[in-house]
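So the structure is just underneath, and the comments pick up after that.
Residue numbers (the working numbering), protein chains in the order written: chain Y, 136 to 346; chain P, 121 to 315; chain F, 64 to 267; chain X, 648 to 1030.
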């Protein structure tokens, strides 16, 4: 965490307009990450690569994550009047957090043998503001992986030299790795159905007029 | 190296050694004349699951208690279980239907690992070629049941551990039953003659 | 011809064989597979053709790179929806008589990957499969068993009569319609002429 | 700054107008694309002037399936990613989950992991060389030799894990089962015999004039591009970058073994070929030491639950040096029984990033050699 904070300070000193945020990882791995604003992503990545003290020259992994709209409850302490007295009570307030898509980058340094440095960048929402600048001009290694994220999650990488679907066919609609993707209905023959498959298969059988 | 073609000639010498060697050196004579000559599969080898039964009756002796853990944990979801019911419609600890679709099974052995009753084990029979996919590759309870004897032959070391473990459990259960019976007897305390 | 007469003749040094048996014997012992690997099973298929298992002993080691020269299509591995039109097209390019073997769980039913959105749940939705060899992947021995089963099936075929195989029936088409890729799924989901799944009655 | 092949492409395009241009779709059914891989190649005469790889013909939705199943349920699916190297994929996944949940691995299990991973490397490299030479036109012989050795290693895998290819052997916090009686001795025998095969292979091929003519100077990947394009494994090291995760991350017990990391000079197909040969010799050294040092003890942390395994919320990226390169798993847990996000970092796919640059200006017959020298497996490229 301290090391990440020092990297953050170093980048912010070099690029004063770019604001980075630390995102702590509650798990056991201790791999915390830096959240970058999309507008400054390319500059930050270039700086991380070219800074002689950091030299994060190897972009190992690029991936997308789909975060759905969710409702979070915050506990807030509010002052209430109760039987003439003012007391402090705890109330839970529901807060709607709009969903977004996230692109996660894992950087390593071949020159120094350090890493991973985890960068995250978030889109505005899941529907129309889904563009993120491409890193393919800084790291060639992002090229195919960004195409995959575009294909499976629907993040549009601006400035990508060749942004096409990578895995699914041309003409396919939808982004299958999104959490709300509805899978095609091809459950015509399911001899061992249970769980979700049973429900899907029975719907399908009903359509075919089968028991 | 300097002579053009020396590397090629060296390669030919190597293939020549192999050619001759394959007639004299057993390490180079590797072909197994399959249908006539079969290699023994190692003990750990696994293909598809089967159900173990104790005693002589493949229906009543099944160890499976229809707890559906394997059905839930099976990664490709190829197991289908319906528990049997007694006359009054209550579930019995016995499967009425136990099907495995071996056209889906990925031979991963996770059903064996999660089964708490040692009732599902891995078979080593691999020849399952069928012309009919629908009838031939869906195995039912009767196709799956194998005696414990068969399991002991396939996996002797593993079966020894399992048998010991089951025997110990049975003993514990019986002594527990005995203790419970003793406790319920009026004026107990004296060790009676065992049942 | 009666079998005891034939065995009597052969004891006298006269070999008599029907044209049918000779034809089938020739066909079944020179099955040239299409060198066509899709996924994991293809590695076991290669292992079967290598020194230890030696498919050459069955006359089936000549893996042809071109469908035009192949008799047997071993569908070895997962057929994805993106790949399915190509598989059908390859089948159409093979000359008659042609046979299909579905090798491995994925080719038969989609196998472990059958719940995937891009995985075809069995190549028999589009192609008539002669032998299914289950396994994940099948051992080379299992593939050899499957090949022998196919050989037996070829030995059984009649050259005349209503039960003669497809390639000897004048009206039968040897090409099948190639599915197309739609916006969400492959279309059609199966060919009704080829694939007739039984009704499965299961309480869900 | 980064050469995306532009200069070379311009050179090629300046040469002739569109006269004699030929567009060829190599694959998805092609004897030398190692599965269902497709390249759209534009040729001028026999020279490649453009090459676009097309993926997805084996996209079997591994990540989606894994996000719908339990952590344990994904383990057998990792076998089927890179179906030559199921054990290294197992290890990378187990390592990522162990990081995610903070689990320790008993010492004997770490040794078993090293042994199985290095055996996997031996059989993968041997077969890769066989395939590459098959693409060169050496039909049969090198593959036969490689598969002969591979069968011996697969026999070891089968008696240890129960399956020849789909081992499903590692578990979170250890390995599924201990080595059966006599297995270590059998493994010693196979490892002891292996250098003989390497000598044979070297005599057969290393100085073969045809192999040298077809591979030297073909498919050059410059050092800077190799790093920038995130190449990994033998492809990266053949370009002169001594980056090996076994040395950098020191995962498992690799810091206890003495081995070198071979590095190439030219980054061409011949270097990648020879580098694998040298790597196998180093693997044999590691194996001999590991089989000697392996301690007694448990092979799995008995406290780790097999069912209802729910690591607390968080994320982890775990990676190891697989035979094909850096194979990593990125997992996000939301505290439930299945991962919220499950991502495989596929070395085979990412090593193909610079494929076009390596192929431009070469003859079409060299494309299959270059592809063979990168060593891809489609199960991992498309997942």
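We treat Cβ as the ideally placed atom computed from N, Cα and C, and that holds for glycine. Fair warning: this is a prediction, and the values are worked out from it, not measured in the lab.
List, from N- to C-terminal side, the beta strand (DSSP E) runs of 3 residues or more that fit wholly inside the stretch 897-950 of chain X. none
Using a 10 Å radius around the Cβ and a threshold of 16 neighbouring Cβ atoms, would you call residue 942/X buried or exposed? Working through the fourth chain from its first residue, we reach residue 942/X at position 295. Its Cβ having fewer than 16 others within 10 Å, residue 942/X is exposed.
Identify the residues that DSSP records as bridge partners of residue 199/Y: which are they? By one-based count along the first chain, residue 199/Y stands at place 64. According to DSSP, residue 199/Y bridges with 238/Y.
Contacting positions in the stretch 191-220 of chain P - beta carbon closer than 7 Å to chain Y: 191, 197, 198, 199, 200, 219
Are the Cβ atoms of residue 709/X and residue 690/X separated by less than 8 Å? Counting from 1 along the fourth chain, the entry for residue 709/X is found at position 62. Counting from 1 along the fourth chain, the entry for residue 690/X is found at position 43. It is not a contact, given that the beta carbons lie outside the stated cut-off.
Can you tell me whether DSSP reads residue 165/P as helix, strand or coil? Along the second chain, one-based indexing puts residue 165/P at 45. If DSSP states are grouped into helix, strand and coil, residue 165/P belongs with coil.
Name, in chain order, the residues that DSSP records as bridge partners for residue 164/F. Position 101 of the third chain, counted from the first residue, corresponds to residue 164/F. 137/F, 194/F.
Three-state secondary structure assigned by DSSP to residue 648/X: Here residue 648/X is taken as the residue at index 1 of the fourth chain, counted from 1. Only weak support is given to the placement of residue 648/X: the predicted model assigns it a pLDDT of 42, under 50, and the value that follows is read from those uncertain coordinates. Of the three classes helix, strand and coil, the one that applies to residue 648/X here is coil, per DSSP.
Let me know the secondary structure DSSP gives residue 210/P once reduced to three states. Reading the second chain from its first residue, position 90 is the one you call residue 210/P. Taken through DSSP and simplified to helix, strand or coil, residue 210/P comes out as coil.
Within the 8 Å Cβ cut-off, does residue 259/P reach chain Y? In the second chain, counting from the first residue as 1, residue 259/P sits at position 139. With 8 Å as the cut-off, residue 259/P does not count as an interface residue toward chain Y.
Can you check whether the C-beta of residue 412/Y is within less than 8 Å of a C-beta belonging to chain P? There is no way to answer for residue 412/Y, as the model of chain Y reaches only from 136 to 346.
Quick one: grab the DSSP three-state call for residue 981/X. On the fourth chain, residue 981/X is found 334 positions in, with the first residue counted as 1. Correct three-state label for residue 981/X: coil.
Going along chain F, which residues have a C-beta under 8 Å from residue 711/X? Taking the fourth chain and counting its residues from 1, the one referred to as residue 711/X is at position 64. Per Cβ cutoff of 8 Å: 179, 180.
If contact means a Cβ-Cβ distance below 7 Å, which residues of the stretch 691-715 of chain X contact chain P? none
Using a Cβ cut-off of 8 Å (strictly closer), state whether residue 113/F contacts chain X. Here residue 113/F refers to the residue found at position 50 when the third chain is read from its first residue. Judged by the 8 Å Cβ criterion, residue 113/F is in contact with chain X.
Give the single residue among 299/P, 190/P, 163/P, 295/P whose Cα lies nearest to the Cα of residue 327/Y. For the purposes of this step, residue 327/Y is identified with residue 192 of the first chain, where counting begins at 1. Closest option to residue 327/Y, Cα to Cα, is 190/P.
First through last residue of the alpha helix (DSSP H) which encompasses residue 841/X: Indexing the fourth chain from 1 puts residue 841/X at position 194. Counting along the chain, the alpha helix (DSSP H) containing residue 841/X begins and ends at 830-848.
Measure the alpha-carbon distance for residue 678/X versus residue 128/F and round it to whole angstroms. Here residue 678/X refers to the residue found at position 31 when the fourth chain is read from its first residue. Here residue 128/F refers to the residue found at position 65 when the third chain is read from its first residue. Their backbone Cα atoms lie some 6 Å apart in a straight line.
Extent of the continuous alpha helix (DSSP H) run through residue 84/F: As a first step, residue 84/F is located in the third chain; it is residue number 21 there, counting from the start. Run containing residue 84/F: 82-91, per the alpha helix (DSSP H) assignment.
Residues of its chain near residue 649/X, where Cβ-Cβ distance is below 7 Å and the 5 sequence neighbours each way are ignored: Taking the first residue of the fourth chain as 1, we reach residue 649/X at position 2. Bear in mind that the predicted position of residue 649/X carries a pLDDT of just 44, short of 50, making it unreliable; the figure below should be weighed with that in mind. Correct list, in chain order: 875.
Report the three-state DSSP secondary structure of residue 160/P (helix, strand or coil). Position 40 of the second chain, counted from the start, is the residue given in the question as residue 160/P. Residue state, collapsed to three classes: coil.
Are residue 266/Y and residue 291/Y closer than 8 Å when you measure CB to CB? The count along the first chain starts at 1 and reaches residue 266/Y at position 131. The count along the first chain starts at 1 and reaches residue 291/Y at position 156. Cβ atoms of residue 266/Y and residue 291/Y: closer than 8 Å.
Report the residue ranges of all beta strand (DSSP E) runs contained in full by the stretch 678-735 of chain X; include only those spanning at least 3 residues, in chain order. 685-691, 694-701
Sorted by chain position, which residues of the same chain lie with C-beta nearer than 7 Å to residue 253/P's C-beta, five sequence neighbours on each side aside? Numbered from its first residue, the second chain carries residue 253/P at position 133. For residue 253/P, where only same-chain residues beyond five positions count, the Cβ hits under 7 Å are 223.
Thinking C-alpha only, which one of 115/F, 123/F, 126/F, 164/F is nearest residue 271/F? Outside the shown range of chain F (64 to 267) lies residue 271/F, about which nothing can therefore be said.
Let me make sure I understand the geometry here. Which of 305/Y, 282/Y, 186/Y has the alpha-carbon closest to that of residue 246/Y? Stepping through the first chain from its first residue, residue 246/Y is reached at position 111. Here the closest residue by C-alpha is 186/Y.
Hey, does residue 247/F have any beta-carbon neighbour from chain X nearer than 8 Å? To locate residue 247/F, count along the third chain from 1; it is residue 184. Not closer than 8 Å to any Cβ of chain X, the Cβ of residue 247/F fails to qualify, so no.
Since residue 107/F meets chain X, which of its residues come closer than 8 Å, beta carbon to beta carbon? As a working note, residue 107/F is residue 44 in the third chain. Here the neighbours are 811, 812.
Under 7 Å Cβ-Cβ, which residues of chain C neighbour residue 318/Y? Absence of chain C from the displayed structure is noted, the protein chains being Y, P, F and X.
By the DSSP assignment, the beta strand (DSSP E) with residue 252/F in it spans what residues? Numbered from its first residue, the third chain carries residue 252/F at position 189. Unbroken run through residue 252/F: none, as it is neither H nor E.
State the CB to CB distance for the pair residue 139/Y and residue 169/Y, rounded to an integer number of angstroms; the pair is presumed to be in contact (CB under 8 Å). Numbered from its first residue, the first chain carries residue 139/Y at position 4. Numbered from its first residue, the first chain carries residue 169/Y at position 34. In this structure residue 139/Y is in contact with residue 169/Y, their Cβ atoms being roughly 7 Å apart against a cut-off of 8 Å.
Name the two residues that bound the continuous beta strand (DSSP E) containing residue 313/Y. By 1-based counting over the first chain, the position of residue 313/Y is 178. First-last for residue 313/Y: undefined, no H or E at that position.
Could you check the C-alpha separation between residue 932/X and residue 841/X for me, to the nearest Å? By 1-based counting over the fourth chain, the position of residue 932/X is 285. By 1-based counting over the fourth chain, the position of residue 841/X is 194. Taking the straight line from one Cα to the other gives about 11 Å.
Is DSSP giving residue 217/F helix, strand or coil here? Here residue 217/F refers to the residue found at position 154 of the third chain. The answer is helix: DSSP assigns residue 217/F an H, G or I state.
Check residue 279/P in the structure and name its three-state DSSP category. Your numbering for residue 279/P matches position 159 in the second chain. The answer is helix: DSSP assigns residue 279/P an H, G or I state.
Kindly indicate if chain Y contains any beta-carbon less than 8 Å away from that of residue 101/F. In the third chain, counting from the first residue as 1, residue 101/F sits at position 38. Proximity of residue 101/F to chain Y, defined by a Cβ-Cβ separation below 8 Å, is not satisfied.
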